[in-house]
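Undergrad: Anchor point for the sequence shown: position 396 equals 1412 in our numbering, and the numbering is continuous, going up by one each time. Note that beta-carbon positions come from the ideal geometry of N, C-alpha and C, so glycine has one too. Encoded as structure tokens, here's the structure I'll be asking about.
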Amino acid sequence: MNSLHALPRPAARAPHSPLEGAAAPPNLAGILRERLLRPRFQPVVDLSQSRIYGHESLIRGPADTPLHFPDALFAEARRQGLHPQLELASFRAGAQGFHQNDAPGKLFLNLSGSALLHYWTLWADEMPSRLLKDCSLEPASIIVELTEQDPLSDRMAEVQDAFSCLREAGMRIALDDYGVGNSNLQLWAEMQPELVKIDRYFFDGIGQDDRKQNMVRAILKVAQHLGTSIVAEGIETAEDLAVVRELDIRYAQGWFLGMPDETLLTELTPPLRDSLRLRTAAPLSQRSAGGTAASLRVQAPAALLNRDTNDDVHRLFIEHKSLHAVAVVDADNRPVGIINRRDFSEHYAQRYTRELFGRDACSTFMNGEPVLVDLNVSIDQLSHVLISEDQRYLMDGLIITREGRYDGLATGETLVRSVTEMRIEAARYANPLTSLPGNIPISRHIATLLEDAADFAICYGDLNNFKPFNDVYGYWRGDDMIMLTAEVIKRHCDPQRDFVGHVGGDDFVVLLRSPDWHDRIQRIIAEFNEAAVTLYDDQGRRNGGIEAEDRYGVPRFFPFVTLGVGALTVTPSLCERIRPEDIASAAAHVKHKVKHGNLSLVTERYTGAVLPQLTG
1017 MNSLHALPRP AARAPHSPLE GAAAPPNLAG ILRERLLRPR FQPVVDLSQS
1067 RIYGHESLIR GPADTPLHFP DALFAEARRQ GLHPQLELAS FRAGAQGFHQ
1117 NDAPGKLFLN LSGSALLHYW TLWADEMPSR LLKDCSLEPA SIIVELTEQD
1167 PLSDRMAEVQ DAFSCLREAG MRIALDDYGV GNSNLQLWAE MQPELVKIDR
1217 YFFDGIGQDD RKQNMVRAIL KVAQHLGTSI VAEGIETAED LAVVRELDIR
1267 YAQGWFLGMP DETLLTELTP PLRDSLRLRT AAPLSQRSAG GTAASLRVQA
1317 PAALLNRDTN DDVHRLFIEH KSLHAVAVVD ADNRPVGIIN RRDFSEHYAQ
1367 RYTRELFGRD ACSTFMNGEP VLVDLNVSID QLSHVLISED QRYLMDGLII
1417 TREGRYDGLA TGETLVRSVT EMRIEAARYA NPLTSLPGNI PISRHIATLL
1467 EDAADFAICY GDLNNFKPFN DVYGYWRGDD MIMLTAEVIK RHCDPQRDFV
1517 GHVGGDDFVV LLRSPDWHDR IQRIIAEFNE AAVTLYDDQG RRNGGIEAED
1567 RYGVPRFFPF VTLGVGALTV TPSLCERIRP EDIASAAAHV KHKVKHGNLS
1617 LVTERYTGAV LPQLTG
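Structure follows, in structure tokens:
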């Protein structure tokens, strides 16, 4: 978050001009010399884990002076030509304050592009250590936020070199205020930051603004393709926070989550933690087709806080053999905890436990932070539970609520099964990695083309030598290869005429009506084969491939991953009573010939014959 956006809202604003209302020009040089800058730390929250991810250092000048607030402070620094010195002093003050507090998590420190280049030119490879100077804070805990009022397009190479130097020291890079000013898509693509902070403009009132929601969704698509984590800035209301969570944005920052303060927040406030634990329902228009938490609910008795004892809970477990847990509710039937059957039984099986604790309150062995889920929340939203840091959620299960009151239980096993089934079903419509249409849209589009009179080509492509590549480099690099395939194919297809689908894994189906489709496919193959080499490491590129085990466990050499395409031209008038899946199966047979013949492209004409389904 840019320091200019981190101002509290005082009753009377600080003078707009750095000199307005001051008897004499402020002594900025004296402030720097006497080290009078003081950091304020604002938390950045990990919404998926309900914890503090880190803090951003926001600088303040001396209190009760015209240069206390950052807008006046930095404006005066630019007027005097001292802004690189001010930014360096702010960087060091933030690092020193964070280190003195012995705070966990990440520290976000701001640097403008001009200051970054100033010190890169001055210090070169010594820049990371010189930035921190006498502070022994670990560089790996620092995220450098690029805040820029001036364009950087003519000095991109220098900025990349400076970032590479910071990364080698262990620091990470964030792009601040994306969507306004000079934080543009080119900067994002070329700098490849680990995080991008989307400007507060997009989240101010996003709960009532469909236009802003759609703009953020578009940005999130870019982030997915570039592998970048997103931070939502300027979250000021519970409603805006709810939309941010619906959009699956992991990190957020703003006054609603925590104000800038001299003291670092080490854990979320109880009200905020409770609001993050409670997953409310999405608007009806946004609910996924995967069902709601109501489908997971099992009716089960609950224990009453301040009335029921551990002996009462023990009797409930004896009377209800299928209960995996018991919810604990208050006098208003609002859940306050959950008691896991296995944990409780282990305690009760120990010697003298029943005698010592049997008449104590039922809260003795309960988990006081259960997952509370409104019965109308979508299954898709609940996928966050599966990656929670606290895996007790999967063991204890979930408490289902209706308007905040207890309505039943759900098991972690049921949740896992439902999320998995939903993901499988969703993948039939859109591939979760590339977001390209899946099996069902592909079949529907083939059916539409069969109803038209014009000829078309169906091209079935997959990657040669992909499995050994994925085995050696890991699935993250494998995903990069899949994404590269999707990007190259889309780049050479006409969105007005052609259709790109992703069956799954490394299999793609392209339906083309462009008259030059053959040339397009050849260009796709050539560009992909050239670009795929860049995903290998230096040794792999030198060797022309990699050593790996084949499907029989025998080590051998595999050359670079290449794209093979089986193309089938179709004349709809010859295809009466032919199903779309017959066309797709015939294209798969042509692709099979490409695979086994170690070829790049085979083209055939569809004759109307129904071919058997491929099994391998």
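Round the Cβ separation of Gln1269 and Val1061 to the nearest angstrom and send it over; I've been treating them as touching at under 8 Å.
TA: Confirmed, about 7 Å.
Undergrad: When the Cα atoms are used, what is the spatial distance from Gln1240 to Glu1103?
TA: A direct Cα-to-Cα measurement between Gln1240 and Glu1103 gives close to 32 Å.
Undergrad: Using a Cβ-Cβ cut-off of 6 Å (strictly less than) and excluding sequence neighbours within five positions of Met1187, which residues of its own chain qualify?
TA: Pro1155, Ile1158, Val1160
Undergrad: Taking the Cβ atom as the reference point for each residue, do Ser1128 and Thr1163 lie within a distance shorter than 8 Å?
TA: yes
Undergrad: With a floor of 3 residues, list each beta strand (DSSP E) that falls wholly inside the region 1116 to 1203, ordered by position along the chain.
TA: 1122 to 1128, 1158 to 1163, 1188 to 1194
Undergrad: Considering only C-alpha positions, which residue in the set Asp1510, Asp1522, Asn1486 is nearest to Thr1501?
TA: Asp1522
Undergrad: Counting Cβ pairs closer than 8 Å, one from the region 1260 to 1279 and one from the region 1476 to 1495, do we hit at least three?
TA: no
Undergrad: In chain order, which alpha helix (DSSP H) runs of at least 4 residues are fully inside the region 1215 to 1274?
TA: 1226 to 1242, 1254 to 1262
Undergrad: If you reduce the DSSP assignment to three classes, tell me which class Thr1450 lands in.
TA: coil
Undergrad: Going by other Cβ atoms of all chains shown within 10 Å of its Cβ, with 16 needed for buried, is Asn1126 buried or exposed?
TA: buried
Undergrad: So what does Pro1575 bridge to, in DSSP terms?
TA: Gly1561
Undergrad: What number of angstroms, rounded off, separates the C-alpha of Ser1311 from the C-alpha of Leu1391?
TA: 8 Å
Undergrad: Among Gln1208, Leu1211, Val1232, which one has its Cα closest to the Cα of Gly1195?
TA: Val1232
Undergrad: Specify the secondary structure class of Asn1486 as computed by DSSP and reduced to three states.
TA: helix
Undergrad: Can the beta-carbon of Glu1082 be found less than 8 Å from the beta-carbon of Ala1091?
TA: In the sequence under discussion, the amino acid at residue 1082 is Pro, which differs from the Glu named in the question. The answer is no: Cβ separation not under 8 Å.
Undergrad: Going residue by residue through the region 1502 to 1569, where are the continuous alpha helix (DSSP H) segments of at least 4 residues, counting only ones entirely within it?
TA: 1533 to 1548, 1554 to 1559
Undergrad: With which residues is Asn1480 paired in a DSSP beta bridge?
TA: Thr1578
Undergrad: Find the nearest neighbour of Glu1467 within the set Ser1589, Leu1153, Thr1282, Ile1075, judged by alpha-carbon distance.
TA: Ser1589
Undergrad: Quick check: what's the CA-CA separation for Leu1263 versus Thr1450?
TA: 18 Å
Undergrad: Quick check: what's the CA-CA separation for Ile1599 versus Val1488?
TA: 35 Å
Undergrad: Does DSSP put His1340 in a helix, in a strand, or in coil?
TA: coil
Undergrad: Measure the C-alpha to C-alpha separation of Ala1365 and Arg1216 and round it to an integer number of angstroms.
TA: Cα to Cα, the separation comes out at about 55 Å.
Undergrad: Please return the same chain residues whose Cβ sits closer than 8 Å to the Cβ of Ser1361, not counting the five positions on each side in sequence.
TA: Phe1333
Undergrad: Whole angstroms are fine: how far does the CA of Pro1059 sit from the CA of Pro1276?
TA: 8 Å
Undergrad: Are the CB atoms of Leu1191 and Met1172 nearer to each other than 8 Å?
TA: no
Undergrad: Report the CB separation of Gly1580 from Gly1494 in whole angstroms; it is logged as a contact under 8 Å.
TA: Contact doesn't hold; Cβ gap of about 17 Å is too wide.
Undergrad: Once DSSP output is grouped into helix, strand and coil, what is the label at Val1393?
TA: coil
Undergrad: Quick one: what's Tyr1069 bridged to in DSSP?
TA: Paired residues: none, contrary to the question.
Undergrad: Taking the alpha carbon of Leu1281 as the point to measure from, which residue in Glu1563, Glu1249, Val1618, Gly1070 has its own alpha carbon closest?
TA: Gly1070
Undergrad: Hey, how far is the Cα of Ser1304 from the Cα of Asp1220?
TA: Its pLDDT being 42, under 50, Ser1304 is placed unreliably by the model, and the measurement read from it follows with that caveat. Approximately 25 Å between the Cα atoms of the pair.
Undergrad: Could you give the DSSP three-state label for Gly1384: helix, strand or coil?
TA: The answer is coil: DSSP assigns Gly1384 none of H, G, I, E or B.
Undergrad: To the nearest angstrom, how far is it from the Cα of Phe1114 to the Cα of Ile1474?
TA: 59 Å
Undergrad: In whole angstroms, give me the CA-to-CA distance for Leu1063 and Val1247.
TA: 10 Å
Undergrad: Could you tell me if Ala1254 is buried or exposed, where buried requires 16 or more neighbouring beta carbons within 10 angstroms of its beta carbon?
TA: exposed
Undergrad: If we count Cβ pairs, one from each stretch, closer than 8 Å, do we get three or more for the region 1446 to 1462 versus the region 1542 to 1551?
TA: As far as the Cβ criterion goes, the region 1446 to 1462 does not touch the region 1542 to 1551, which means the pair count is below three.
Undergrad: On a CA-only basis, which of Ala1205, Val1259, Gly1097 is nearest Leu1242? Give me that one, please.
TA: Ranking the options by Cα distance to Leu1242, first place goes to Ala1205.
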